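Everything on this sheet refers to the single structure shown next.
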Amino acid sequence: MNGDQKSDVYAQEKQDFVQHFSQIVRVLTEDEMGHPETGDAIARLKEILEYNAIGGKYHRGLTVLVAFRELVEPRKQDADSLQRALTVGWCVELLQAFFLVADDIMDSSLTRRGQICWYQKPGMGLDAINDAILLEACIYRLLKLYCPEQPYYLNLIELFLQSSYQTEIGQTLDLITAPQDNVDLGRFTEKRYKSIVKYKTTFYSFYLPVAEAMYMVGIDGEKEHANAKKILLEMGEFFQIQDDYLDLFGDPSVTGKVVKALYEELDLPTVFSQYEEDTPLPPAIFLGLACKIYKRKK
């Protein structure tokens, strides 16, 4: 498959993924929208979902779908299994939305994805904390609705819980390293920075989506997951360092070249290839993620 064909396939997968969101909202809200006791809260939930879950790049959620398609035989890619893969992908996006709503409050941010932060909307304020918790709760409702009879159901739940915990530990490290009222740069060491990156970003952004797909196709061995995690965490660290660099020096005409030079200087393709030999996962999963990282400009 040449570059244009791969691009077309990815574009189609993204279109399928985005279109599935309306079903996600419908499943989460339709039955209770007119409920005499909870109807108002469900209407609020619909608004929360439609404001906070969309508008990003969807890389995390799409990775679930792409990895699932790479790992499972075409003859087994029936409509039901693809629906589940799309839904689990959206669960990852809801986890991201949960983190972002909460993070914006803690950071006193003003905008997110080209619009004002949810908590900054008139009349919202700290009520947004509860809204963030609702976004997280939707993950487990969706898994219960779509995957309860699947052999991997418990693995998915445990992985989401573990990833949430790791990310929240990372956020805690971030907060205690640079408290807003007592900034001490002496605390901000390279070791601490890498710990924050590892726990706050890499587990849920890189390992979680691929691992969910692995469980969905029956790859549940500790060795296979450990090997995949090793490379995915390294990719996640590279991604976050790149992201922080772009935030500071975000001239795409310059940063694109610098990032590519660093990618090549570290010989990351060779590193990734070595890990691929130790894992049953197709190289396309890792290389696809790697290409998205080093080619991005924002």
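Using this note's numbering, the letters of the sequence shown map in sequence onto residues 2 to 299. Glycine residues also receive a C-beta, built at the ideal position from the N, C-alpha and C atoms. Since the model is a prediction, treat every value here as computed from it, not as a measurement.
Burial state of residue i, where buried means 16 or more other Cβ atoms lie within 10 Å
| i | result |
| --- | --- |
| N53 | buried |
| E150 | exposed |
| H36 | exposed |
| E38 | exposed |
| L101 | buried |
| E74 | exposed |
| A12 | exposed |
| A212 | buried |
| G90 | buried |
| A227 | exposed |
| M236 | buried |
| P180 | exposed |
| D232 | First, the amino acid is wrong: residue 232 is Ile here, not Asp. I232 comes out buried. |
| Q152 | The identity of residue 152 in the sequence shown is Pro, whereas the question assumes Gln. By the neighbour-count rule (16 or more Cβ atoms within 10 Å), P152 is not buried but exposed. |
| V184 | exposed |
| D105 | buried |
| L111 | exposed |
| D132 | buried |
| G171 | buried |
As assigned by DSSP and simplified to three states, the class of residue i
| i | result |
| --- | --- |
| R113 | strand |
| V73 | coil |
| F189 | coil |
| H60 | helix |
| Q321 | The shown model of the chain, from 2 to 299, leaves out residue 321, and the question about it has no answer. |
| Y141 | helix |
| K199 | helix |
| K47 | helix |
| G35 | coil |
| G124 | coil |
| E150 | coil |
| I158 | helix |
| D132 | helix |
Alpha carbon of residue i to alpha carbon of residue j, nearest angstrom
| i | j | result |
| --- | --- | --- |
| K122 | R45 | 14 angstroms |
| I134 | L83 | 27 angstroms |
| I158 | Y147 | 12 angstroms |
| K195 | E238 | 7 angstroms |
| Q116 | K224 | 43 angstroms |
| K192 | D175 | 12 angstroms |
| Y216 | G222 | 9 angstroms |
| E94 | F22 | 10 angstroms |
| L186 | R76 | 56 angstroms |
| D17 | F189 | 42 angstroms |
| I197 | R142 | 29 angstroms |
| Q78 | L66 | 11 angstroms |
| R113 | L29 | 24 angstroms |
| L144 | K47 | 18 angstroms |
| A229 | V218 | 15 angstroms |
8 angstroms Cβ cutoff met for residue i and residue j
| i | j | result |
| --- | --- | --- |
| L136 | I25 | no |
| Q167 | Y200 | yes |
| D129 | W119 | Reading off the sequence, residue 129 comes out as Ala, not Asp. Yes, the Cβ-Cβ distance between A129 and W119 is below 8 angstroms. |
| L87 | F161 | no |
| C92 | I55 | no |
| F207 | L247 | no |
| L63 | K15 | yes |
| A68 | A214 | yes |
| Q204 | S164 | Here residue 204 is Phe; the residue named in the question, Gln, does not match the sequence. Cβ atoms of F204 and S164: closer than 8 angstroms. |
| P210 | R61 | yes |
| G40 | E33 | yes |
- Start-end ranges of the alpha helix (DSSP H) lying completely within the stretch 204–250, minimum 4 residues: 209–217, 223–249
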